[in-house]
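In the working numbering, the protein residues as written are 10 to 394.
Just below is one structure, and these are the notes that go with it.
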Ligand SMILES: Nc1ncnc2c1ncn2[C@@H]1O[C@H](COP(=O)(O)OP(=O)(O)OP(=O)(O)O)[C@@H](O)[C@H]1O
Ligand SMILES: [Mg+2]
């Protein structure tokens with residue numbers, strides 16, 4: 010099945026207009042856990058029918074919170090368990106593809122007609138993709154020109170060249186065929202009909218961002234990696250992957266307090282950066298210091314990305330949205346506001362859904378981890394509007 014990230018320009022439009030229809034699944038298979046949501050469109054909004062998360066570590070003989078590489082069969086087993094536990098009734102929807110299994114670049118091509126572009130992109134893609142083009146599935150999207158900000162993006166023309174550039178920018182996306190095959194096996198084994206695949210970036214953005222124009226940095230704090238995406242006018246302009254995440258925070262904490270991974274993971278999630286009466290002042294300090302050693306390094310990388318994008322395009326990225334399971338760390342918001350050179354918000358993807366009021370607090374708390382799964386379904390609901 011082909012994948013695509015269609016409708017990028019409409020990505021940030023807020024209406025979920027669609028006639029009532031069947032329930033749709035969004036499935037995000039992360040490195041440490043799989044998340045699922047089931048939404049049903051009704052009168053222009055999306056009703057949250059059910060959601061759930063399952064740790065993948067135990068399926069690979071590892072503790073909860075560890076990133077694991079599972080076979081497609083093992084992964085399917087976890088998804089089947091997850092669907093059972095979450096009382097999922099729908100059987101079709103979208104599945105996300107990890108950013109790390111994809112290649113995304115903005116390339117410059119001459120302005121030619123769409124059919125000429127079709128021939129040109131695979132040829133041009135060879136320069137950007139380190140493996141034979143026959144081994145990947147390609148997709149692309151012409152980035153619309155922004156007349157008012159021409160100079161900011163125009164890398165080819167100098168002030169003396171004519172205003173209309175002969176070049177156009179194209180967002181190129183490649184996914185290895187092996188990756189798609191593995192996902193097809195997972196879906197088939199778990200009895201899921203995949204309506205579309207989407208690289209997790211596009212799903213996370215759809216559910217995390219509301220306002221359109223100014224550049225925003227989305228930071229997805231995962232288990233083994235942290236992903237950063239700068240989005241401007243609804244379009245991904247820059248991506249950055251850091252091989253450090255929540256798992257390293259847990260490992261640091263375990264090492265520093267001589268705790269097993271399991272205990273460190275539990276304490277991290279329960280108390281986070283906040284002091285707890287259950288520990289002495291000295292222990293509280295050591296716990297916080299251990300976690301901050303990972304976090305402060307990650308956040309200086311975030312600041313570096315903010316700064317370098319700002320300098321390159323001569324504009325400032327004034328807003329950071331934190332998403333991914335790591336964004337649920339208690340006390341994170343206050344620390345991030347201090348440490349990051351931008352306004353900070355924590356993603357709240359369930360705010361885009363309709364759910365019973367008594368769930369509001371829980372959904373806000375666990376929400377960041379579900380950004381990708383919720384975003385997947387929102388795409389489906391929007392595309393049929
Ligand atoms: N309440 C919490 N407080 C702190 N950390 C948390 C909390 N809940 C989950 N995490 C951490 O979030 C990380 C997992 O995040 P997430 O589920 O987004 O990752 P993933 O999708 O499995 O990984 P990736 O996106 O890298 O593939 C783990 O390190 C986990 O310990
Ligand atoms: Mg993830």
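Cβ atoms here follow ideal geometry from the backbone N, Cα and C, with glycine treated the same way.
Express the C-alpha separation of residue j and residue i in angstroms, rounding to a whole number.
{"i": "residue 349", "j": "residue 230", "result": "15 Å"}
{"i": "residue 317", "j": "residue 247", "result": "11 Å"}
{"i": "residue 283", "j": "residue 339", "result": "7 Å"}
{"i": "residue 385", "j": "residue 290", "result": "44 Å"}
{"i": "residue 186", "j": "residue 207", "result": "14 Å"}
{"i": "residue 363", "j": "residue 122", "result": "43 Å"}
{"i": "residue 366", "j": "residue 372", "result": "10 Å"}
{"i": "residue 115", "j": "residue 205", "result": "23 Å"}
{"i": "residue 77", "j": "residue 50", "result": "34 Å"}
{"i": "residue 213", "j": "residue 288", "result": "36 Å"}
{"i": "residue 98", "j": "residue 191", "result": "24 Å"}
{"i": "residue 344", "j": "residue 361", "result": "26 Å"}
{"i": "residue 101", "j": "residue 54", "result": "19 Å"}
{"i": "residue 469", "j": "residue 278", "result": "Outside the displayed range of the chain (10 to 394) lies residue 469, so it cannot be described from this structure."}
{"i": "residue 120", "j": "residue 178", "result": "9 Å"}
{"i": "residue 197", "j": "residue 324", "result": "46 Å"}
{"i": "residue 265", "j": "residue 300", "result": "10 Å"}
{"i": "residue 188", "j": "residue 195", "result": "11 Å"}
{"i": "residue 103", "j": "residue 322", "result": "34 Å"}
Short check: CB of residue i to CB of residue j, under 8 Å?
{"i": "residue 41", "j": "residue 64", "result": "yes"}
{"i": "residue 388", "j": "residue 215", "result": "yes"}
{"i": "residue 150", "j": "residue 126", "result": "no"}
{"i": "residue 36", "j": "residue 89", "result": "no"}
{"i": "residue 184", "j": "residue 145", "result": "yes"}
{"i": "residue 335", "j": "residue 263", "result": "no"}
{"i": "residue 381", "j": "residue 225", "result": "no"}
{"i": "residue 383", "j": "residue 46", "result": "yes"}
{"i": "residue 44", "j": "residue 376", "result": "no"}
{"i": "residue 314", "j": "residue 249", "result": "yes"}
{"i": "residue 217", "j": "residue 107", "result": "no"}
{"i": "residue 182", "j": "residue 111", "result": "yes"}
{"i": "residue 61", "j": "residue 232", "result": "no"}
{"i": "residue 253", "j": "residue 307", "result": "yes"}
{"i": "residue 261", "j": "residue 219", "result": "no"}
{"i": "residue 152", "j": "residue 244", "result": "yes"}
{"i": "residue 293", "j": "residue 305", "result": "no"}
{"i": "residue 347", "j": "residue 72", "result": "no"}
{"i": "residue 311", "j": "residue 296", "result": "no"}
Can you look up residue i in the DSSP assignment and give me helix, strand or coil?
{"i": "residue 182", "result": "strand"}
{"i": "residue 269", "result": "coil"}
{"i": "residue 65", "result": "coil"}
{"i": "residue 252", "result": "coil"}
{"i": "residue 378", "result": "helix"}
{"i": "residue 120", "result": "coil"}
{"i": "residue 368", "result": "helix"}
{"i": "residue 90", "result": "helix"}
{"i": "residue 56", "result": "strand"}
{"i": "residue 332", "result": "strand"}
{"i": "residue 279", "result": "helix"}
{"i": "residue 206", "result": "strand"}
{"i": "residue 232", "result": "coil"}
{"i": "residue 110", "result": "helix"}
{"i": "residue 126", "result": "helix"}
{"i": "residue 264", "result": "helix"}
{"i": "residue 388", "result": "helix"}
{"i": "residue 137", "result": "coil"}
{"i": "residue 383", "result": "helix"}
{"i": "residue 225", "result": "strand"}
{"i": "residue 165", "result": "Residue confidence is low: residue 165 scores 40 on pLDDT, short of 50, so the model does not pin down where it sits. Its coordinate-derived value is still stated next. In this structure, residue 165 counts as coil in the three-state DSSP scheme."}
{"i": "residue 177", "result": "strand"}
{"i": "residue 154", "result": "coil"}
{"i": "residue 242", "result": "coil"}
Would you mind giving the Cβ-Cβ distance between residue i and residue j, rounded to the nearest angstrom? I have them listed as a contact below 8 Å.
{"i": "residue 131", "j": "residue 118", "result": "At roughly 12 Å, the Cβ-Cβ gap does not stay under 8 Å, so residue 131 and residue 118 are not in contact."}
{"i": "residue 74", "j": "residue 259", "result": "6 Å"}
{"i": "residue 239", "j": "residue 353", "result": "Going by Cβ atoms, the distance from residue 239 to residue 353 rounds to 15 Å, so no, they are not a contact pair."}
{"i": "residue 228", "j": "residue 235", "result": "7 Å"}
{"i": "residue 86", "j": "residue 68", "result": "7 Å"}
Return the first residue and the last residue of the alpha helix (DSSP H) that residue i is part of.
{"i": "residue 211", "result": "209 to 217"}
{"i": "residue 308", "result": "290 to 322"}
{"i": "residue 43", "result": "Counting along the chain, residue 43 falls outside any alpha helix (DSSP H), though it belongs to the beta strand (DSSP E) covering 42 to 51."}
{"i": "residue 144", "result": "No alpha helix (DSSP H) holds residue 144; DSSP gives it neither H nor E."}
{"i": "residue 347", "result": "341 to 348"}
I'd like the span of the beta strand (DSSP E) that includes residue i, first residue to last.
{"i": "residue 362", "result": "Careful: residue 362 lies outside any beta strand (DSSP E) and carries neither H nor E."}
{"i": "residue 101", "result": "101 to 106"}
{"i": "residue 34", "result": "33 to 38"}
{"i": "residue 2", "result": "Because the chain here runs from 10 to 394, residue 2 falls outside it and cannot be looked at."}
- prompt: Counting by C-beta, which residues lie closer than 5 Å to a heavy atom of ligand 3, in chain order?
  reply: Ligand 3 is absent from the structure shown, which contains only ligand 1 and ligand 2.
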